[in-house]
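In what follows, a structure is listed as structure tokens, so that the remarks can point back to it.
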Amino acid sequence: MGRHAGAQGPSANELRLKAELDRVRRELCKLKKAEAEPAAAALPAGPSDVEAVLRRATPGSPEEIAALRKLVTELTATRQRLSRLYFSQVEENRKRGRRLHQILESIGQISSELDFDTLLTRITETIRVGLGFRVVLIRIREPGSDRLQARAFAGVDDAGRAALTATDILEKDFRSWLRDEFRVSRSYFISHRNEFSKQLPEGYRTNLGPREEWEWHEDDVLFIPLLNRKSELLGYFSVDDPVDRLVPSTETIELLEIYANHAAVAIENAWLYRELEGQARRLRESGQRMQELHALKSQFVATVSHELRTPLTAMRAFLDTMLALPEGGIPQDRLRRFLGIMNEETQRLARLVESVLDLNRLDSAEMRPERRPVEMAVVAEETLRLLEPVAGTGQVNLKLVNDCADTQLEADPEQMRQLVLHLGSNAVKFTPAGGSVTVLLTGTPDEIALRVEDTGIGIPEEALERVFERFYQVDSPLVRRHGGAGLGLAICKSIVEWHGGRIAAESAPGRGSCFTVALPRRSGPRVALHPDPTAPAASEDLLRLAIEMVAEVMDARVVSLLAPGPEGDLSVRAAIGLEERVMREVRIPAGTGVAGWVAQHRRPLCVSNAQESSEIAGAVEGRYRTRTFISVPIEGEGGLLGVLNVTDPVSGLPFDAQDCGLLLQLAERVGATWVVVRGAEAGPEGAEDAARALRQMLCHIERRRLEAPGRVRLARALAQDMGMSEGEIATIAFAASVHDVGMARLPGSLRDASRPFSGEERAMMERHVELGAEALEPLEAVGAVREIVLSHHEWWDGTGYPRGLREDEIPVGARILAVVDAWESLTVGRAHRPACSEQDARLELGRLAGRQFDPRVIEALDRLLDTQKVPAGSKGTQATDDANAIAGR
Amino acid sequence: MAKGKILVVDDEIYIVHILDFSLGMEGYEVVTALDGEQALEKAHAEHPDLIVLDIMMPKLDGYETCKMLKADPATKDIPVILLSAKGRNVDQKIGFEVGADDYITKPFSPRKLVERINALLGQSSQHRMQA
Chain W
75 MGRHAGAQGP SANELRLKAE LDRVRRELCK LKKAEAEPAA AALPAGPSDV EAVLRRATPG
135 SPEEIAALRK LVTELTATRQ RLSRLYFSQV EENRKRGRRL HQILESIGQI SSELDFDTLL
195 TRITETIRVG LGFRVVLIRI REPGSDRLQA RAFAGVDDAG RAALTATDIL EKDFRSWLRD
255 EFRVSRSYFI SHRNEFSKQL PEGYRTNLGP REEWEWHEDD VLFIPLLNRK SELLGYFSVD
315 DPVDRLVPST ETIELLEIYA NHAAVAIENA WLYRELEGQA RRLRESGQRM QELHALKSQF
375 VATVSHELRT PLTAMRAFLD TMLALPEGGI PQDRLRRFLG IMNEETQRLA RLVESVLDLN
435 RLDSAEMRPE RRPVEMAVVA EETLRLLEPV AGTGQVNLKL VNDCADTQLE ADPEQMRQLV
495 LHLGSNAVKF TPAGGSVTVL LTGTPDEIAL RVEDTGIGIP EEALERVFER FYQVDSPLVR
555 RHGGAGLGLA ICKSIVEWHG GRIAAESAPG RGSCFTVALP RRSGPRVALH PDPTAPAASE
615 DLLRLAIEMV AEVMDARVVS LLAPGPEGDL SVRAAIGLEE RVMREVRIPA GTGVAGWVAQ
675 HRRPLCVSNA QESSEIAGAV EGRYRTRTFI SVPIEGEGGL LGVLNVTDPV SGLPFDAQDC
735 GLLLQLAERV GATWVVVRGA EAGPEGAEDA ARALRQMLCH IERRRLEAPG RVRLARALAQ
795 DMGMSEGEIA TIAFAASVHD VGMARLPGSL RDASRPFSGE ERAMMERHVE LGAEALEPLE
855 AVGAVREIVL SHHEWWDGTG YPRGLREDEI PVGARILAVV DAWESLTVGR AHRPACSEQD
915 ARLELGRLAG RQFDPRVIEA LDRLLDTQKV PAGSKGTQAT DDANAIAGR
Chain E
26 MAKGKILVVD DEIYIVHILD FSLGMEGYEV VTALDGEQAL EKAHAEHPDL IVLDIMMPKL
86 DGYETCKMLK ADPATKDIPV ILLSAKGRNV DQKIGFEVGA DDYITKPFSP RKLVERINAL
146 LGQSSQHRMQ A
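Respectively, the protein sequence lines represent chains W and E. Here the first sequence stands for residues 75 to 963, where the numbers follow our numbering. Here the second sequence stands for residues 26 to 156, where the numbers follow our numbering.
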């Protein structure tokens with residue numbers, strides 16, 4: 075500040091005022107620095123006119139003193155205003171500190187919260203309380219899903235919750251809302267003034283009453299995406315009704331984002347934990363199963379060794395005795411008798427070994443029984459003829475009565491012979507001289523019944539239930555003397571069960587026994603249909619086929635397909651393994667039970683253990699025999715076609731996410747085919763094509779599952795490693811199980827890959843990819859799988875077939891499959907080329923990276939191999955497909 | 026005059042046959058039983074000098090039969106040889122716990138059995154069997 079030097083020294087009063095002035099100025103500067111913007115706004119605009127007066131006035135003059143007084147008053151006012159501002163700012167900072175502290179604290183809580191629903195609820199509550207929004211919603215995209223489902227709420231009433239839960243948002247829709255123009259920091263604010271906000275679906279509405287133009291409006295939307303470290307979308311928060319009625323500042327949004335980051339980590343942790351828990355449970359269960367199997371095996375070995383020792387003991391004892399006697403020391407008749415006994419015991423031993431082998435064959439899945447037309451009357455007649463000499467010796471009257479004009483059924487002929495032989499010889503064995511054994515054949519349109527009745531010693535009541543157990547023998551000297559291995563009836567039971575039939579025994583001691591077998595004429599599990607008179611016949615066939623397919627592929631005993639009626643109630647249209655009564659009577663109102671829930675939410679539900687899942691525990695209580703099931707919607711173009719349910723896995727192991735993915739894929743195909751078949755425009759030919767394709771795929775998947783279970787796992791692991799979405803992974807995994815479906819359409823001679831091909835054969839061979847794509851065409855509405863199948867022999871450098879695509883023109887799924895195929899071919903070996911070591915296979919694939927294969931896929935494979943993550947079983951079985959996956963070898 | 030009376034108990038009729046023959050050749054009198062209950066009856070009625078007892082039998086198994094024989098003052102001094110297809114050590118142990126005097130596992134050599142019987146009864150071999 076400029077001022078004149080005065081003759082008179084400044085008065086004490088003047089000095090005091092000046093000191094005050096300086097202090098105020100210093101403080102002003104400090105405040106200015108600290109709170110640049112708001113402080114500047116609060117300051118007087120320019121230098122006060124008082125200063126001009128001071129510059130002119132004579133020091134010490136009354137003018138100057140008046141001016142100084144005025145200045146002091148002005149400055150004091152400013153100072154007061156500034157210190158108010160300062161304190162309010164301090165207060166504001168303190169508040170913000172408190173909020174941050176709160177957030178940090180709740181983040182700590184969130185990070186340690188592993189139960190998913192509790193976690194989400196806690197997050198919404200903390201946002202509501204800590205950041206000042208009355209309404210908070212979290213939507214989550216579950217891994218593998220393409221939908222964002224409302225999962226947690228704060229400040230939403232029950233009706234609102236129900237409405238939000240009922241409507242999912244598709245991930246692709248959500249992404250389309252995240253335009254750059256709405257972006258604030260990493261969040262998106264869509265103002266009610268923007269036209270676009272009218273395109274958003276109506277969410278939860280809060281009535282906020284009249285609002286000023288600049289206040290938060292009830293149609294304003296603020297999304298905070300939840301992203302993980304890989305920037306994958308896990309879900310989002312949205313907030314509404316801020317307590318301060320203001321559109322949130324960037325700063326508040328940034329706070330919300332800090333929150334979102336930590337919540338994303340916590341959500342992923344919770345998912346990981348859930349997955350780990352599932353794995354631990356599966357491990358426990360398989361451990362338990364192993365123990366059970368081990369115990370069974372030990373018992374089996376103990377029993378078998380005992381049964382083997384018995385005939386051996388007799389033989390050894392006789393041999394030993396005979397050898398010890400001097401020549402001629404044993405009377406001739408005795409010698410003959412001893413030899414006879416030894417002969418019998420030898421046969422007994424042979425029969426026992428045979429039975430054990432039979433049972434083992436029946437047990438092992440790879441020996442599935444053949445199914446062809448069998449004339450049961452002929453089988454029974456031929457088999458019983460074999461028993462006639464035995465019956466004659468024992469003076470038992472053996473006869474066959476056929477009360478059925480048509481005894482044809484679909485079955486394994488050899489097993490049918492065994493069945494009759496075991497039942498017949500049992501009956502003859504236990505019937506004393508003078509008795510009779512009658513074999514009676516009867517039939518209904520659906521079943522053939524075989525009844526074997528004898529007048530023998532009978533079976534005590536307490537033993538009846540157990541006669542079908544392995545090595546169970548009724549304790550009686552007569553039974554012991556006839557010494558079977560105790561396996562015959564167990565074998566019969568296995569055979570009958572394989573054919574989907576029933577076996578039962580009735581008897582009373584001394585009054586004979588009667589064994590009844592009922593075999594379905596059409597083998598395999600029967601699909602029961604609840605006919606719809608308006609549906610075309612082809613659609614009934616398709617449903618039957620679809621259900622069979624699903625049962626086979628999912629290895630489940632119970633499969634049902636429910637379709638919605640005109641009022642939205644679900645009823646069973648087709649099923650395997652459900653009682654007739656259930657089929658006729660069950661009506662499920664939309665939204666109730668598992669199927670109703672799935673129909674309403676259009677979302678799959680996979681339950682590993684119904685009792686553990688709180689979400690649906692109420693819905694399933696007491697309804698299901700097993701605790702694991704999957705229920706998925708079948709979608710058509712016009713909306714929901716039905717719900718597909720699978721339960722009671724043959725393996726007894728709980729279903730998991732992979733099974734769920736597979737079922738979804740199957741449901742998609744069933745849906746696509748169903749639409750074709752139902753459509754009037756398709757005509758019978760289109761329907762037939764679709765059904766044929768479905769059948770072909772069914773056979774193929776089944777075969778692939780047995781031959782090369784590892785390839786699907788490897789394909790899945792690679793896709794996962796390359797960061798693909800769950801949906802894409804499922805599609806690739808599915809393609810991996812059907813991609814060589816075209817091979818089935820090639821002449822048989824070509825499928826035998828035990829020799830190199832001629833040029834002409836190679837050309838034919840190369841057609842299999844097109845044949846495969848053709849085969850899948852009627853099933854693939856979307857065509858993603860078809861594209862993969864069609865392109866899995868394309869080369870990265872453009873020299874593959876059939877279209878000569880190169881690099882990124884080849885669908886990524888096809889690039890992955892090409893590597894999977896090659897890996898399998900190298901490590902498993904083919905008929906004309908032995909398997910090579912993993913190390914050599916890696917070198918070979920590495921050499922072809924950039925030529926035949928996508929280098930990124932090879933890198934992913936290397937990573938998996940380095941971390942030992944190549945799934946077990948991706949090698950080891952003899953594969954018979956794509957013999958020339960590695961070209962030129 | 027027989028060297029002694031042996032009770033052979035087995036539900037496998039062929040084993041009974043061959044022991045009847047072998048022991049008969051050795052100069053013993055043989056009585057037979059097909060299960061544990063019959064064995065107890067015969068032990069009381071026939072006063073055998075030794076009992077050859079199978080373990081796995083219907084009704085009353087060899088262990089139980091042996092225990093009851095050894096608990097009864099009338100039969101407790103009769104030596105018992107257990108005969109079983111169970112060859113594990115633990116089975117043998119149980120055999121001795123129930124009071125058996127010897128234990129032979131199936132499949133067995135009747136000559137060995139004869140030797141054991143002779144030893145237990147302090148008899149010498151009557152017939153020299155051809156090796």
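Here a beta-carbon is modelled for each residue, glycine too, at the ideal position from N, C-alpha and C.
- Within the same chain, Cβ atoms closer than 6 Å to the Cβ of residue 501/W are found at 511, 526 and 528, the five residues on either side in sequence being excluded.
- For residue 504/W, the nearest beta carbon of chain E is not closer than 8 Å to its own beta carbon.
- Going by C-alpha positions, residue 871/W is about 11 Å away from residue 883/W.
- Here residue 532/W is near residue 584/W, since their CB atoms are less than 8 Å apart.
- For residue 381/W, the closest of 127/E, 142/E, 132/E and 34/E by C-alpha to C-alpha distance is 132/E.
- Of the residues 565/W, 641/W, 722/W and 577/W, the one whose Cα lies closest to the Cα of residue 633/W is 722/W.
- Between residue 733/W and residue 628/W, the CB-CB gap stays under 8 Å.
- Beta-carbon to beta-carbon, residue 334/W and residue 298/W are separated by about 5 Å, close enough to satisfy the 8 Å threshold.
- Sequence-ordered contacts of the region 359-391 of chain W with chain E read 380, 383, 384, 386, 387, 388, 390 and 391 [C-beta pairs closer than 7 Å].
- In the structure shown, residue 123/E falls within a coil segment according to DSSP collapsed to helix, strand and coil.
- For the 8 Å CB-CB criterion, residue 593/W and residue 485/W form a contact.
- DSSP places residue 721/W inside the beta strand (DSSP E), whose first and last residues are 713-723.
- Chain order gives the chain W residues near residue 39/E as 388, 391, 392, 415 and 419, where near means a beta carbon separation below 8 Å.
- For the region 127-139 of chain E, the residues whose beta carbon sits under 8 Å from a beta carbon of chain W are, in order, 131, 132, 133, 134, 135 and 136.
- With its beta carbon less than 8 Å from one in chain W, residue 43/E belongs to the interface.
- Taking the Cα positions, residue 718/W is about 7 Å away from residue 708/W.
- Note on residue 357/W: under 16 other CB atoms within 10 angstroms of its CB, so exposed under the neighbour-count rule.
- Residue 130/E is bridged by DSSP to 109/E.
- The beta carbon of residue 467/W does not come within 8 Å of any beta carbon belonging to chain E, so the residue lies off that interface.
- Below the 8 Å Cβ cutoff, chain W contributes no neighbours of residue 96/E, its closest Cβ being approximately 24 Å away.
- Within the model, the alpha-carbon separation for residue 567/W versus residue 35/E is close to 31 Å.
- In the DSSP assignment, residue 902/W falls within the alpha helix (DSSP H) that extends over 886-902.
- Between residue 207/W and residue 315/W, the C-beta gap is smaller than 8 Å, which places the two residues in contact.
- For residue 326/W, the enclosing alpha helix (DSSP H) covers residues 324-398.
- Assigned with DSSP and collapsed to three states, residue 412/W falls in helix.
- Boundaries of the beta strand (DSSP E) around residue 225/W: 221-228.
- DSSP places residue 678/W outside both helix and strand once states are collapsed to three, so it counts as coil.
- For the C-beta of residue 121/E, not a single chain W residue is nearer than 7 Å; the gap to the nearest is close to 21 Å.
- Not flagged as an interface residue toward chain W: residue 58/E, since no C-beta distance is shorter than 8 Å.
- Nearest CB-CB separation between residue 64/E and chain W: not below the 8 Å threshold.
- A Cβ-Cβ contact shorter than 8 Å links residue 103/E with residue 94/E.
- Under DSSP, residue 482/W forms a beta bridge with 449/W.
- At a cut-off of 8 Å between C-beta atoms, residue 110/E counts as an interface residue with respect to chain W.
- Annotation for residue 703/W: 681 and 721 place their beta carbon closer than 6 Å to its own, counting only its chain and skipping 5 residues before and after.
- Nearest to residue 715/W by C-alpha distance, out of 787/W, 622/W and 674/W, is 674/W.
- Note that the C-beta distance between residue 227/W and residue 238/W is below 8 Å.
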